[in-house]
Amino acid sequence: MLKPLGDRVLVEVIEETEQKTAGGLFVPDTAKQKSQRGKVIAVGSGKTLDNGTKVAVEVSVGDTVHFAKYGGTEVTLDGKEYSLFSERDLLAIEG
Amino acid sequence: MLKPLGDRVLVEVIEETEQKTAGGLFVPDTAKQKSQRGKVIAVGSGKTLDNGTKVAVEVSVGDTVHFAKYGGTEVTLDGKEYSLFSERDLLAIEG
Amino acid sequence: MLKPLGDRVLVEVIEETEQKTAGGLFVPDTAKQKSQRGKVIAVGSGKTLDNGTKVAVEVSVGDTVHFAKYGGTEVTLDGKEYSLFSERDLLAIEG
Amino acid sequence: MLKPLGDRVLVEVIEETEQKTAGGLFVPDTAKQKSQRGKVIAVGSGKTLDNGTKVAVEVSVGDTVHFAKYGGTEVTLDGKEYSLFSERDLLAIEG
Amino acid sequence: MLKPLGDRVLVEVIEETEQKTAGGLFVPDTAKQKSQRGKVIAVGSGKTLDNGTKVAVEVSVGDTVHFAKYGGTEVTLDGKEYSLFSERDLLAIEG
Amino acid sequence: MLKPLGDRVLVEVIEETEQKTAGGLFVPDTAKQKSQRGKVIAVGSGKTLDNGTKVAVEVSVGDTVHFAKYGGTEVTLDGKEYSLFSERDLLAIEG
Amino acid sequence: MLKPLGDRVLVEVIEETEQKTAGGLFVPDTAKQKSQRGKVIAVGSGKTLDNGTKVAVEVSVGDTVHFAKYGGTEVTLDGKEYSLFSERDLLAIEG
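Going down the list, the sequences are from chains C, X, W, H, Y, E and D.
According to my numbering, the first sequence is numbered sequentially starting from 1.
According to my numbering, the second sequence is numbered sequentially starting from 101.
According to my numbering, the third sequence is numbered sequentially starting from 201.
According to my numbering, the fourth sequence is numbered sequentially starting from 301.
According to my numbering, the fifth sequence is numbered sequentially starting from 401.
According to my numbering, the sixth sequence is numbered sequentially starting from 501.
According to my numbering, the seventh sequence is numbered sequentially starting from 601.
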């Protein structure tokens, strides 16, 4: 297993199928940054504030979270791909 | 449903029709950044200050808010598009 | 009406006529950034400091303020154009 | 009159004649950033620190100050040109 | 031996073989940043917070850590290559 | 005279002759940033910390200081050239 | 002699011979930033934290330190070359 450091969160990304045109081109409907979903596998012990206090991570193992697509760092564990995020890069919990 | 994290705010963007010329071109009257409107669907628990205090988000569910166009991250929920903003990216409440 | 968030200030910009040459070209006399004037329409509740204290905005409704030209975000309200500024982007009060 | 906001300082720039070669070209002797002089016309109430304390501006009305050339924002008041600076952009007092 | 300074961590990188195509080209499956693994050889005394408190490093000698590939600074010691990281550049502990 | 503001330091730069090749080209032996020397002419009252405390400048009038070449802002006083530095841009005192 | 200011450290760089191919080209084995070694000649009095406390520099005169190659500012003293670093740019102590 992998124990995230600080406010890092280990996430198993849920791959979504992208909409393509008949001709095979992906047509984005806006210029906005898109989000992606994933399942929280492990969380770090939290972030240390400038006054020395540790703040626990707001998400829990098992949560389905949303984050900006292409964010985070990919890590391979036992042949499987995961992503590691700082908690500030997670946007919302689903459910 | 989607529970925003930290000071994030979930917004349903209100699409406005842009003014075009007879020839079909959009003619901006200034070089300024434009705002867009949306309805607040859900709010996070707030931002944690460096002294450990949590500050509640200033907007509430149901508020119509203004924000810089093309800001935020798009998220799809049950086939519908929303945007997630940090509270600092929201500019004003209408009404 | 529009209630600015945080230390935002809603301003009705006063359009000034720019000086042009006989040939129709605008000739700037320096390379410096220029200011523009506007009237304060509404102010936010202020900025929250890192120690949790809220600091009221220094300008009041009705003030004529100066700010860097092309700054702020344009917002349309009831068919009329306004600009939203962070208080730190306002430079001076006239009068 | 113009009342500068925060730690802003209103300055009347003193135009200096630049040295040119016989052929009319300006020849800088170093690659360094140059300073310019001006007279303080009005000062803001000061900067608010993160602990909520307000720190008064170090310069006074009437002071001749030095600042980096081309810095500040130009403002026109009663047909006359002034510049608005943040106090941190002022370098020294003459006299 | 090498004693890392501040919150630096000395790591012996574990080289992984990259997957290549028959034609010899490496084919990345996503645009995401990849992680790499290494073994902690030595840790610094920790980071000093703005209030003067020293916070101990979260990893220990012997830990297998993950970090963003190509991060850190390479150092040669007794003919062997190591990498020095700031603790904030370490993402997770394996095990 | 010139009274530097905040943590500014007024320095009279000591011009050094650069080594050139027989062919007249300057040949730097490394890609590193070079330092230059100067004499402290005047110092500001110091920097105000975020807690409101003023910290006196570490250098004194008459000190010979080293700083990164081409740093600072040039100021002309009574036809003579000086440079104004923030104290953090001074690297060392000679002697 | 040279007394470094703040958290600056004066270092005498130890030049290492770089490995070259038979053809004379230097062949780096990774894209990583390389470190270089040097001997500490003098240290500053330390860094002042935002709460006014001074934190002593962690390295001592005589230490052999590692730092990122090409970092620091070169200074010539009595015809000899040294480098001045901020303490945060030093990575580790050897020995």
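Idealized CB from N, CA, C, for every residue including glycine.
Because the structure is a prediction, the values reported are computed rather than measured.
{"Query": "H/S360, buried or exposed, once every other Cβ within 10 Å from all chains shown has been counted against 16", "Result": "exposed"}
{"Query": "Interface positions of the segment 449-460 of chain Y facing chain C (Cβ-Cβ less than 9 Å), listed along the chain", "Result": "L449, D450, N451, T453, V455, E458 and V459"}
{"Query": "Residues that Y/L490 contacts on chain C, provided the C-beta gap is smaller than 7 Å", "Result": "L5"}
{"Query": "Below-8 Å beta-carbon distance, W/V240 vs any chain X residue", "Result": "no"}
{"Query": "Exposure label - D/T673; buried when at least 16 CB within 10 Å", "Result": "buried"}
{"Query": "Under the three-state DSSP convention, the category X/V127 falls into", "Result": "The predicted model places X/V127 with a pLDDT of 47, which falls under 50 and marks its position as unreliable, so this point remains unresolved."}
{"Query": "Straight-line Cα distance separating H/I393 from C/G6", "Result": "47 Å"}
{"Query": "Residues that W/I293 contacts on chain H, provided the C-beta gap is smaller than 9 Å", "Result": "L302, K303, P304 and L305"}
{"Query": "Whole-angstrom distance between Y/S486 and E/R588, CA atom to CA atom", "Result": "23 Å"}
{"Query": "Contact with chain C by X/V175, beta-carbon distance below 8 Å", "Result": "yes"}
{"Query": "Bounding residues of the beta strand (DSSP E) (the contiguous stretch that carries W/R237)", "Result": "Q233 to V243"}
{"Query": "Status (buried if at least 16 other CB within 10 Å, exposed otherwise) for E/Y570", "Result": "exposed"}
{"Query": "Amino acids of chain D, ordered along the chain, whose beta-carbon sits closer than 9 Å to that of E/K534", "Result": "T673, E674, V675 and T676"}
{"Query": "Exposure label - E/E512; buried when at least 16 CB within 10 Å", "Result": "exposed"}
{"Query": "Per-residue contacts from C/R8 into chain Y (C-beta, under 7 Å)", "Result": "L491 and A492"}
{"Query": "C-beta contact flag for D/G638 and D/V665 at 8 Å", "Result": "yes"}
{"Query": "Exposed unless 16 or more other CB atoms sit within 10 angstroms - verdict on W/D278", "Result": "exposed"}
{"Query": "Residue from D/I641, D/D663, D/S635 and D/Q636 with nearest C-alpha to D/V699", "Result": "Residue 699 of chain D is absent from the structure shown; chain D starts at 601 and stops at 695."}
{"Query": "As assigned by DSSP and simplified to three states, the class of Y/E494", "Result": "strand"}
{"Query": "Contacting residues, own chain, Cβ-Cβ under 8 Å from W/L291 (five flanking each side not counted)", "Result": "S235, V265, H266, F267 and A268"}
{"Query": "Straight-line gap, C/P4 to X/V157 (C-alpha atoms, nearest Å)", "Result": "28 Å"}
{"Query": "Residue closest to C/L84, alpha-carbon to alpha-carbon, out of C/V9, C/M1 and C/L2", "Result": "C/V9"}
{"Query": "H/G362 vs H/K354 beta-carbon contact at 8 Å", "Result": "no"}
{"Query": "Rounded separation between E/E581 and W/Q233 - CA only", "Result": "27 Å"}
{"Query": "Heavy atom of the ligand GTP within 7 Å of C/V65 beta-carbon", "Result": "Only the bare structure without any ligand can be found here, which leaves the ligand GTP out of the picture."}
{"Query": "Collapsed DSSP secondary structure at E/E587 in the structure displayed", "Result": "helix"}
{"Query": "Selection from H/E316, H/L349, H/D350 and H/V343 that minimises the alpha carbon distance to H/M301", "Result": "H/V343"}
{"Query": "First through last residue of the beta strand (DSSP E) which encompasses Y/T464", "Result": "T464 to A468"}
{"Query": "Residues sharing a beta bridge with C/T76, DSSP", "Result": "C/E81"}
{"Query": "Start and end residues, beta strand (DSSP E) containing C/E12", "Result": "R8 to I14"}
{"Query": "Close beta carbons around Y/T448, own chain, < 6 Å, minus the five adjacent residues each side", "Result": "K454"}
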